[in-house]
Amino acid sequence: MTKERLYVYDTTLRDGQQTQGVQFSLAEKQQIAATLDALGVDYIEGGWPGANPIDSAWFDSQPKLRATFTAFGMTKRAGHSAENDTALNAVVNANTAAVCLVGKTHDFHVETALGITLDENIENIRRSIEHLVSQGREALFDAEHFFDGYKANPDYARACIQAAFAAGARWIVLCDTNGGALPAEVGQIVQEVITAGLPGDHLGIHTHNDTENAVANTLAAIDAGARQIQGTLNGLGERCGNANLTSLLPILKLKEPYRSNYEISVTDAALRDIKRASRVLDDILNRIPAPQAPFVGASAFVHKAGLHASAILKNPVTYEHIDPALVGNQRDIPMSNQAGQSNLRKRLKEANLIVEKDDPALGRILELVKEREAQGYSYDTAQASFEILARRELGLCPDFFEVKRYKV
Ligand SMILES: [Zn+2]
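Following my numbering, the numbering of the sequence shown begins with 49 at its first residue and continues without gaps.
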């Protein structure tokens with residue numbers, strides 16, 4: 049069976065940068081773009097040329113990337129031709145292979161926020177996309193507030209995106225800008241848009257995580273036929289973030305039915321580097337990596353419960369949904385008062401302490417850990433402390449571990 053191609057569009061450098069407290073320097077943009085490029089995404093949205101000196105310098109530097117470098121801007125204003133619109137010119141003059149323009153598709157926003165007629169807005173979309181195409185650019189239209197707009201006035205929302213498509217846009221990106229949509233309605237609306245004549249292989253999905261459903265909404269859109277997904281590393285984005293590529297890419301590569309049905313440009317080898325890619329961004333942001341992040345978090349494959357730990361040691365499939373090595377992560381079985389003997393012997397082995405199965409010291413060490421944890425100690429993130437405790441009990445504690453007390 050031939051797989052269908054899914055395209056991955058990263059917006060860490062544009063939508064991700066719209067996060068409170070996040071401002072990338074030029075060097076950081078270069079480092080993030082190189083990381084994304086190595087990961088293998090299809091498009092890297094660089095930012096908004098002309099919006100600030102760093103973005104302008106970044107676009108002026110014409111970065112050499114394997115991915116399609118994309119500039120972001122907005123459709124022209126009413127009362128100006130596309131050729132004479134200053135903001136649109138700044139985006140076009142960035143000379144990127146692709147340009148993504150955001151425009152309104154919700155009648156309420158057109159009349160309230162823009163204060164123009166519904167027809168004028170459609171005309172602005174049409175002229176702006178035509179202008180990009182006439183300049184030889186791959187054009188993307190970001191349909192802002194599409195799902196809310198569609199629920200309020202489906203005919204108008206559809207007329208907006210159909211105008212962009214007819215004008216030559218390669219991709220129409222349906223945006224859940226407020227992040228309030230849920231998977232079932234996203235799936236239904238994408239399906240209705242396709243049925244009304246917009247081909248799925250020209251549709252993208254851009255979701256926000258305000259109901260913790262950005263990844264689920266993206267999958268629902270793929271299931272309904274959309275073929276471009278947008279997101280950011282670690283789900284970085286304003287408010288509750290964007291769709292998290294650090295979760296989506298492993299799902300698309302490893303989980304059914306996506307693994308069998310779709311091909312993405314991220315290779316198996318690149319996927320094994322995704323945890324490192326996630327850490328590169330945390331490092332730049334000076335953020336502590338989220339331990340519970342699916343796939344890449346430090347706790348994603350930690351098995352503390354004694355029952356789980358003993359089964360995992362027999363066969364990891366018992367309590368792991370994927371092999372952690374596939375995403376560059378690793379299994380960990382911490383020492384704690386919930387540990388059993390199998391877990392204990394594994395931790396001892398990691399410290400080069402080989403202890404026979406029936407050694408009575410094992411029971412004593414377990415009891416000691418339980419006693420200490422009842423007093424408030426914690427060993428599950430303190431392997432060295434555990435090792436000292438075990439060495440003492442095994443009679444293997446070198447002198448330098450003993451704390452000498454002197455009277456003064
Ligand atoms: Zn967004």
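Even glycine gets a Cβ: it sits at the ideal position worked out from N, Cα and C.
Distance CB(residue i)-CB(residue j) smaller than 8 Å
i: D258; j: N226; result: yes
i: A269; j: G235; result: yes
i: G285; j: T67; result: yes
i: I80; j: T59; result: no
i: W219; j: L246; result: no
i: K124; j: R53; result: no
i: L74; j: W106; result: yes
i: F343; j: P298; result: yes
i: L437; j: I413; result: yes
i: G388; j: G354; result: yes
i: L251; j: L222; result: yes
i: S347; j: L281; result: no
i: D321; j: L136; result: no
i: N391; j: A357; result: yes
i: F120; j: R62; result: yes
i: A264; j: H256; result: no
i: I173; j: A211; result: yes
i: I370; j: L300; result: no
i: P337; j: D330; result: yes
i: A145; j: E171; result: no
i: G248; j: A274; result: yes
Residue i at chain B interface by Cβ criterion, 8 Å
i: V241; result: Of the protein chains in the structure, only one exists, and it is not chain B.
Those residues which DSSP pairs with residue i across a bridge
i: Q278; result: Y57, H254
i: L148; result: Position check: residue 148 holds Cys in this sequence, whereas Leu was assumed. F120, L188.
i: V350; result: D380
i: N292; result: T280
i: E311; result: R53
i: Y91; result: Y57, T116
Enclosing beta strand (DSSP E) for residue i [first to last residue]
i: D321; result: It is not in any beta strand (DSSP E) - D321 carries neither H nor E in the DSSP assignment.
Segment limits, alpha helix (DSSP H) that includes residue i
i: W96; result: W96 -> no alpha helix (DSSP H), and no H or E assigned at all.
i: I220; result: That residue, I220, is in no alpha helix (DSSP H); its beta strand (DSSP E) goes 219-224.
i: H179; result: 166-182
i: R420; result: 408-422
i: V365; result: Looking at the DSSP string, V365 is not in any alpha helix (DSSP H), and its letter there is neither H nor E.
i: L267; result: 262-272
i: D85; result: 74-87
i: A229; result: That residue, A229, is in no alpha helix (DSSP H); it is neither H nor E in DSSP.
i: Y425; result: Segment: none, Y425 is in no alpha helix (DSSP H) and carries neither H nor E.
i: V375; result: Segment: none, V375 is in no alpha helix (DSSP H) and carries neither H nor E.
i: R393; result: 389-398
i: K199; result: 194-200
i: N132; result: Note, N132: premise wrong, no alpha helix (DSSP H); not H, not E.
i: Q431; result: 431-441
i: F107; result: 101-108
For residue j and residue i, believed in contact at Cβ under 8 Å, the rounded distance
i: I253; j: T243; result: About 17 Å; that fails the 8 Å criterion.
i: F213; j: T153; result: At roughly 12 Å, the Cβ-Cβ gap does not stay under 8 Å, so F213 and T153 are not in contact.
i: Y204; j: I237; result: Not quite, the Cβ-Cβ distance comes to about 14 Å (not below 8 Å), so this is no contact.
i: V56; j: I312; result: 6 Å
i: G228; j: V181; result: About 33 Å separates the two Cβ atoms, so there is no contact after all.
i: L361; j: K394; result: 6 Å
Member of the options whose CA lies at the smallest distance from the CA of residue i
i: V147; options: I177, E171, A130; result: I177
i: P372; options: Q389, E404, L281, V350; result: V350
i: M49; options: L162, P305, L113, D224; result: P305
i: L296; options: R287, C288, Q276; result: Q276
i: E240; options: H256, G216, D249, R206; result: R206
i: L444; options: Q431, N400, I336, E421; result: N400
i: A142; options: L113, G127, L166, S109; result: S109
i: I332; options: K51, Y57, Q65; result: Q65
i: D167; options: G127, L180, V140; result: G127
i: Q183; options: V139, F156, T165; result: V139
i: R114; options: Y91, A130, N100; result: Y91
i: R335; options: F120, V70, E435; result: V70
i: S129; options: R440, N169, T429; result: N169
i: Q278; options: A191, A232, L319, V328; result: A191
i: L374; options: A262, T255, V314; result: V314
i: G98; options: Q78, T134, Y367; result: T134
i: D428; options: T366, P408, K352; result: K352
i: S459; options: L361, K405, D406, A430; result: Look at the range of the chain in this structure, 49 to 456, and you will see that residue 459 is not part of it.
i: T83; options: D155, S426, K323; result: K323
i: L396; options: A272, E435, A341; result: E435
i: F72; options: L361, V328, V365; result: V328
i: H157; options: Y367, H179, C208; result: C208
i: L442; options: G424, P408, D271; result: P408
i: N290; options: D224, A317, G273, K51; result: D224
i: D316; options: D380, V89, P111; result: V89
i: G283; options: E260, D271, A272; result: E260
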